[in-house]
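Colleague: Numbering (our numbering), first residue to last: 1 to 387.
Structure in structure tokens, see below.
As structure tokens, then:
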């Protein structure tokens, strides 16, 4: 009976994780593709298909303008296919374009000017950023934020903070020239700066003191698996007066949401920079399995609230990744359009084809590597004591 109960619990947990994952991915993908679709329609481009997922169509309908809306069998992405596109990656169908009637060319994506094509392509990532800002602004406005002032309660022996000369009751004012308003602001910078010296300004007994500290590398378990982060070695003040409740006007909530979204972008770019420099480990990259685990964990911990927060986080990530200048991604298309704008004519069909092949190989390798990391993290979690 105990064994059956364990199997039943595992099955139920797996089902909830799968549902949470599909909710997160579907919302993020739908918003991204709707950005392309909406701006495409505004620019007068015909849309032949709008799909959430890839592969065989499961459910679909055709609207009055001839767009086929569908949910497809493989729920790991989606696409908008415009008139003149050969496939879901918006590769031009040169054979079709050469034989296209004049009236169809007016609504064909490849026949639009560079500005319109760039606007349509950029609209997907922009829609993701708008979704994230809307989610964070809603949380800020309706719930406010409980924050800790950046005052130090204690300094851990042997830590980077002790070596740098931090003392209890120090109030952190700036880190590398950036104003610090909450303890979380400081943690955000420190966690992504392991091994890098940071310049701190603190207030101590009414005076301003300059300190330099290099956060230590530590390994922490997150919903995405084990991650290496920076640790300063200080504890936040436990004084109840250090806890402040921030409330926001609609405009204030929006501004705070924009800052929060930018912080996520900056942190991701900083991680990539450190990864290229060899400071960070590539085993921290996560793929679909990692996202699924994070979705299930978020729902288990905080229900719908945490799941919506994860949607905001993932929306920023998807929007940013799609802006990378890799052919096949939106950023790759924008790179081609920038070259076209400078040259006054597009790259040759052969050059674009080679670019898309290279882009496909890079994206495929990255997905395989990230999925392998997910499987390794998953196996480690099963093998670890108490799991």
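Glycine included, each C-beta is placed from N, C-alpha and C at the ideal position.
Among 193, 303, 254 and 240, which has the Cα closest to the Cα of residue 272?
Modeller: Stepping through the chain shown from its first residue, residue 272 is reached at position 272. For residue 272, the nearest C-alpha among the options comes from 193.
Colleague: Can you pull the DSSP bridge partners for residue 230?
Modeller: Sequence index remark: in the chain shown, residue 230 carries index 230 (1-based). For residue 230, which the question treats as bridged, DSSP gives the partners 217.
Colleague: Pick from 161, 61, 356 and 213: whose alpha carbon is nearest that of residue 334?
Modeller: Walking along the chain shown from the start, residue 334 turns up at place 334. The shortest C-alpha separation from residue 334 is found at 356.
Colleague: Cα-Cα, which of 69, 84, 62 and 125 is closest to residue 32?
Modeller: Here residue 32 refers to the residue found at position 32 of the chain shown. Minimum Cα distance to residue 32 is reached at 125.
Colleague: Are residue 197 and residue 214 closer than 8 Å when you measure CB to CB?
Modeller: Counting from 1 along the chain shown, the entry for residue 197 is found at position 197. Counting from 1 along the chain shown, the entry for residue 214 is found at position 214. Their beta carbons are under 8 Å apart, which means residue 197 touches residue 214 by this criterion.
Colleague: Starting from residue 106, trace the alpha helix (DSSP H) both ways and give me its first and last residue.
Modeller: One-based indexing of the chain shown puts residue 106 at position 106. First-last for residue 106: undefined, no H or E at that position.
Colleague: Please state whether DSSP places residue 327 in a helix, a strand or coil.
Modeller: On the chain shown, residue 327 is found 327 positions in, with the first residue counted as 1. If DSSP states are grouped into helix, strand and coil, residue 327 belongs with the strands.
Colleague: Does DSSP put residue 149 in a helix, a strand or coil?
Modeller: In the chain shown, counting from the first residue as 1, residue 149 sits at position 149. Coil at residue 149, not helix or strand.
Colleague: Please determine, among 210, 254, 151 and 318, the residue with the shortest C-alpha to C-alpha distance to residue 268.
Modeller: Position 268 of the chain shown holds residue 268. Closest option to residue 268, Cα to Cα, is 318.
Colleague: With a 10 Å radius around its C-beta and 16 neighbouring C-beta atoms as the bar for buried, classify residue 81 as buried or exposed.
Modeller: In the chain shown, the residue the question calls residue 81 occupies position 81. Flag for residue 81 reads buried.
Colleague: Quick check on residue 158: buried or exposed, where buried means 16 or more other Cβ atoms within 10 Å of its Cβ?
Modeller: Here residue 158 is taken as the residue at index 158 of the chain shown, counted from 1. Result: exposed.
Colleague: Measure the alpha-carbon distance for residue 386 versus residue 160 and round it to whole angstroms.
Modeller: Counting from one through the chain shown, the residue named residue 386 turns up at place 386. Counting from one through the chain shown, the residue named residue 160 turns up at place 160. Because the pLDDT at residue 386 is just 42, under 50, the model does not fix this residue reliably, and the value given afterwards should be weighed accordingly. Each residue's alpha carbon lies about 31 Å from the other.
Colleague: Could you give the DSSP three-state label for residue 252: helix, strand or coil?
Modeller: By 1-based counting over the chain shown, the position of residue 252 is 252. Three-state DSSP puts residue 252 in a helix.
Colleague: Looking at residue 71: is its Cβ nearer than 8 Å to the Cβ of residue 55?
Modeller: The residue given as residue 71 occupies position 71 in the chain shown. The residue given as residue 55 occupies position 55 in the chain shown. For residue 71 and residue 55, no; Cβs fall outside 8 Å.
Colleague: When the distance is taken between beta carbons, is residue 152 closer than 8 Å to residue 308?
Modeller: Numbered from its first residue, the chain shown carries residue 308 at position 308. Numbered from its first residue, the chain shown carries residue 152 at position 152. No, they are not a contact pair.
Colleague: Let me know if residue 277 comes out buried or exposed under the rule of 16 or more other beta-carbons within 10 Å of its beta-carbon.
Modeller: In the chain shown, the residue the question calls residue 277 occupies position 277. With fewer than 16 other Cβ atoms within 10 Å, it is exposed.
Colleague: Can you find the residues in the same chain that come closer than 6 Å, C-beta to C-beta, to residue 27, ignoring five residues on each side of it along the sequence?
Modeller: Locating residue 27 in the chain shown gives position 27, where the first residue counts as 1. Once the five neighbours on either side are set aside, the close Cβ partners of residue 27 are 311.
Colleague: Tell me whether residue 159 counts as near the ligand HEM, meaning its Cβ is closer than 7 Å to at least one heavy atom of that ligand.
Modeller: For the structure depicted, the ligand HEM is absent and the ligand set is empty, with no information on it obtainable.
Colleague: Who are residue 21's beta bridge partners in DSSP?
Modeller: The sequence position of residue 21 within the chain shown is 21, counting from 1. Answer is none; residue 21 lacks a bridge partner.
Colleague: Look up residue 175 in the DSSP assignment and say whether it is helix, strand or coil.
Modeller: Here residue 175 is taken as the residue at index 175 of the chain shown, counted from 1. Residue 175 falls in the strand class under three-state DSSP.
Colleague: Apart from the five residues on each side of it in sequence, which residues of its chain come closer than 7 Å, Cβ to Cβ, to residue 339?
Modeller: Residue numbering aside, residue 339 sits at position 339 when the chain shown is read from its first letter. 347, listed in sequence order.
Colleague: Going by DSSP, what residue range makes up the beta strand (DSSP E) through residue 203?
Modeller: Sequence index remark: in the chain shown, residue 203 carries index 203 (1-based). 198 to 204 is the extent of the beta strand (DSSP E) around residue 203.
Colleague: Comparing C-alpha positions only, which one of 22, 210 and 19 sits nearest to residue 170?
Modeller: Stepping through the chain shown from its first residue, residue 170 is reached at position 170. Ranked by how close their Cα comes to the Cα of residue 170, the residues 22, 210 and 19 have 210 in first place.
Colleague: Given that a residue counts as buried once 16 or more other Cβ atoms are within 10 Å of its Cβ, and exposed if not, what is residue 117?
Modeller: Within the chain shown, the letter at position 117 stands for residue 117. With 16 or more other Cβ atoms within 10 Å, it is buried.
Colleague: So, are the CB atoms of residue 201 and residue 174 less than 8 Å apart?
Modeller: Position 201 of the chain shown, counted from the first residue, corresponds to residue 201. Position 174 of the chain shown, counted from the first residue, corresponds to residue 174. It is a contact, given that the beta carbons lie within the stated cut-off.
Colleague: Determine, using beta-carbon pairs with one atom in the region 127 to 134 and one in the region 98 to 117, whether at least three such pairs fall under 8 Å.
Modeller: no
Colleague: With DSSP as the reference, identify every bridge partner of residue 208, one or two as the case may be.
Modeller: As a working mapping, residue 208 is identified with position 208 in the chain shown. Answer is 203.
Colleague: Would you mind sorting residue 368 into buried or exposed? The rule is 16 or more other CB atoms within 10 Å of its CB.
Modeller: As a position in the chain shown, residue 368 is number 368, starting the count at 1. So residue 368 ends up on the exposed side.
Colleague: Any idea which residues DSSP pairs residue 353 with across the strands?
Modeller: Along the chain shown, one-based indexing puts residue 353 at 353. Answer is none; residue 353 lacks a bridge partner.
Colleague: Terminal residues of the continuous beta strand (DSSP E) containing residue 129?
Modeller: Numbered from 1 along the chain shown, position 129 holds the residue referred to as residue 129. In the DSSP assignment, residue 129 falls outside any beta strand (DSSP E) and lies within the alpha helix (DSSP H) extending over 114 to 143.
Colleague: Output yes or no for whether 8 Å exceeds the beta carbon distance between residue 47 and residue 67.
Modeller: For the purposes of this step, residue 47 is taken as residue 47 along the chain shown, with counting starting at 1. For the purposes of this step, residue 67 is taken as residue 67 along the chain shown, with counting starting at 1. It is a contact, given that the beta carbons lie within the stated cut-off.
Colleague: Assuming contact is defined by CB atoms lying nearer than 8 Å, are residue 148 and residue 182 in contact in what I supplied?
Modeller: Here residue 148 corresponds to residue number 148 of the chain shown, with the count starting at 1. Here residue 182 corresponds to residue number 182 of the chain shown, with the count starting at 1. Their beta carbons are under 8 Å apart, which means residue 148 touches residue 182 by this criterion.
Colleague: Using C-beta distances below 7 Å, list every residue in its chain close to residue 69, excluding the 5 sequence neighbours before and after it, in chain order.
Modeller: Mapped onto the chain shown, residue 69 falls at position 69. If we look at residue 69 and ignore the five residues flanking it on each side, its Cβ neighbours are 50, 60, 61 and 63.
Colleague: Would residue 42 be called buried (16 or more neighbouring beta carbons within 10 Å of its own) or exposed?
Modeller: Working through the chain shown from its first residue, we reach residue 42 at position 42. That one is exposed.
Colleague: If we require 3 or more residues per run, which beta strand (DSSP E) segments fall completely within the region 40 to 70?
Modeller: 47 to 62
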